[in-house]
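In the working numbering, the protein residues as written are 304 to 947. Heads up, the beta-carbon is just placed ideally off N, CA and C, and yes, glycines get one too. Here the structure is a predicted model, which is why all the values come from computation and not from measurement.
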């Protein structure tokens, strides 16, 4: 999603299902590993003549092909003989191939085992062991099935199985399921998001079934951390307590702060009275002393699908440094505003494009996604040390509804058109593969897709559904916002009094916190042919632009960025009015959307106005605040940061 893409790379991310690797119509090419007599992998074979060549293809998209730690195969006879060992050719797209001239194998052996192992430095791995016969046309009858073993994240759980990194395994009473301490647990104890090691085989129908499932420790999963963190976790929570859940540890900048939670590298942690918070000299401090942008090391336990922070420690860079990733909200001659903070650009500021090449300050524009680093000066101003343009991932759309029309390479569902490619996965309601030609108008489907730069929607998955409740969910940037509409990923939702607005921890927010340019997940349903938003979830309250747009807002008011920003202990908020005297309100809200104080509530004349806020109404609590100016039906808002 857009927000997560700006700050982190998950330790075990599968970009696309193994089943998508070479098209949805070729069954053999969709297997995680193929052993074939043919160089084009058009067949999946287990019996070979000694005059043939064994061609092998592995699809392991959850392994980072740019950071491999192990890349090896081994062809081993069951009894005696010589092994054949080697490495796969890495195609740097998640696929690996090799070939073996079988004339070089020991002619006295017919029963062989093919072993493959591919692993990256983050411990994401693929491992397989497959029995084959060389030198006879008879199938190996030792009763052993092909074996598949790898570590990944549970994506989905169904009544008869589960998806691990988008690969479906059937589960039955014979499946052994254990926690990370090797204690037996039930299938019901598993949850989406858990990191597991799964071992299984393939039955006569070609379906994968799980023989063993074991929950992995959190040090195999960096909990959404990027390359800065995710080091080995020794499992000690420093409180003398035994951890009941997976343990997570990584380092990154604070992105959002709530009263009882913190988000680091795109991952939210719940904070409670037992959370230990330390400064960079290991001195205890209050959670309220943290601010957005600080670099911290965070440790926590995964309990019931949630991360509970046990330790938060400010890293060794000084308190007067700040790092914020977000959209550019404003650009002046020598400054740029990101996440409500104004960074002053000097001759020493390093300016980089998204490929880390030096660029000019003139190359930046309002709305661009950037990472800004700077030093807070004694007067509260921020001197920019680096400003780097960041890439965005495609916005995502997911909806459930009726197929209205079908073309040779397109599908329309609930009025939304998706392009269909060879990589589009088509499934029935039991997750069996279908071809696109098997679909027909009137069927009810769940469809997932990505929004391209030109606005085109590309279908990633189409799945037949039994449930016929039409819903639409999209993740992306709010491109337009009015009093009764919100537009995300070029999809327009109506907004009414029943529409729920929440933060990343599902805590209610005031609707005034919404603004164009924010990243959000919008879910809605079709009501009398209209798409009505039922829930709007903000993904990053720190990366907002400055204005909350109302329909047809006339240019009669102007709200300026507070100065200084960040501030301590006071700041000045200025605005200007044109036209006749009008009722004016100027209010301050905290990051939870709760009103802190109202600085102005009355009739003001046209002209320039300014007011000072000393933050005493907020008890001096550090963090992000929003100030909101309303003149009649016109509303503008900006963000500011109190820095202690």
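Bridge partners of residue i, per DSSP?
| i | result |
| --- | --- |
| residue 768 | DSSP lists no partner for residue 768. |
| residue 925 | Answer is none; residue 925 lacks a bridge partner. |
| residue 726 | None; residue 726 has no bridge partner. |
| residue 564 | 561 and 573 |
| residue 715 | 708 and 720 |
Excluding the five sequence neighbours on either side, which residues of its own chain have a C-beta within less than 7 Å of the C-beta of residue i, listed in chain order?
| i | result |
| --- | --- |
| residue 386 | 377, 378 and 379 |
| residue 737 | 729, 730 and 731 |
| residue 723 | 712, 713, 714, 739 and 762 |
| residue 464 | 471, 472, 473 and 474 |
| residue 798 | 787, 788, 789 and 836 |
| residue 423 | 366, 367, 370, 371 and 372 |
| residue 440 | Unreliable placement is indicated for residue 440, whose pLDDT of 41 sits below 50; the coordinate value is still reported in the next sentence. Contacts found: 350. |
| residue 460 | 493 and 495 |
| residue 661 | 654 and 655 |
Please state whether the Cβ-Cβ distance between residue i and residue j is less than 8 Å.
| i | j | result |
| --- | --- | --- |
| residue 593 | residue 551 | no |
| residue 943 | residue 893 | no |
| residue 473 | residue 498 | no |
| residue 860 | residue 934 | yes |
| residue 767 | residue 748 | yes |
| residue 663 | residue 677 | no |
| residue 599 | residue 616 | yes |
| residue 570 | residue 595 | no |
| residue 458 | residue 367 | no |
| residue 796 | residue 841 | no |
| residue 904 | residue 873 | no |
| residue 744 | residue 707 | yes |
| residue 336 | residue 431 | yes |
| residue 675 | residue 700 | no |
| residue 750 | residue 817 | no |
| residue 516 | residue 567 | no |
| residue 781 | residue 823 | yes |
| residue 689 | residue 652 | yes |
| residue 468 | residue 414 | no |
| residue 496 | residue 514 | no |
| residue 561 | residue 897 | no |
Out of the options, point me to the one whose CA is closest to residue i's CA.
| i | options | result |
| --- | --- | --- |
| residue 881 | 908, 680, 640 and 603 | 908 |
| residue 901 | 758, 462, 911 and 920 | 920 |
| residue 363 | 348, 351, 399 and 356 | 399 |
| residue 343 | 616, 401 and 723 | 401 |
| residue 407 | 505, 382, 359 and 438 | 438 |
| residue 656 | 929, 647, 666 and 888 | 666 |
| residue 629 | 669, 598 and 618 | 669 |
| residue 800 | 501, 482 and 786 | 786 |
| residue 937 | 784, 914, 824 and 606 | 784 |
| residue 419 | 409, 410 and 452 | 452 |
| residue 878 | 871, 886 and 910 | 910 |
| residue 753 | 742, 726, 734 and 769 | 726 |
| residue 871 | 927, 642, 821 and 618 | 927 |
| residue 585 | 912, 646, 354 and 618 | 618 |
| residue 671 | 631, 647, 476 and 661 | 631 |
| residue 867 | 388, 575 and 647 | 647 |
| residue 746 | 501, 755, 411 and 709 | 709 |
Enumerate in chain order the residues of its own chain whose CB-to-CB distance from residue i is below 6 Å, with the five nearest sequence positions on each side excluded.
| i | result |
| --- | --- |
| residue 611 | 573, 603 and 604 |
| residue 404 | 356 |
| residue 316 | Residue placement at residue 316 is poorly supported in this model, since its pLDDT is 27, which falls under 50; the coordinates still yield a value, given next. So no residue of the chain qualifies. |
| residue 838 | 803 and 826 |
| residue 579 | 614 |
| residue 889 | 902, 903 and 932 |
| residue 914 | 876 and 902 |
| residue 815 | 931 |
| residue 764 | 728 and 751 |
| residue 887 | 903, 907 and 934 |
| residue 856 | Unreliable placement is indicated for residue 856, whose pLDDT of 35 sits below 50; no coordinate value is reported for it. |
Report all residues from its chain with a CB closer than 8 Å to the CB of residue i; omit the five preceding and five following residues, and keep chain order.
| i | result |
| --- | --- |
| residue 338 | 347, 348, 349, 357, 358, 359, 417, 433 and 435 |
| residue 869 | 594, 625, 644, 679, 683, 685, 943, 944, 945 and 946 |
| residue 587 | 579, 580 and 581 |
| residue 609 | 573 |
| residue 341 | 358 |
| residue 482 | 488, 492, 517 and 518 |
| residue 634 | 640, 667, 668 and 669 |
| residue 589 | 580 |
Examine the Cβ distances between the stretch 389-406 and the stretch 360-374 and report whether three or more of them are shorter than 8 Å.
-> Judged by Cβ distances under 8 Å, the stretch 389-406 makes contact with the stretch 360-374, as three or more pairs qualify.
Any 3 or more C-beta pairs closer than 8 Å across the stretch 679-691 and the stretch 709-724 = no
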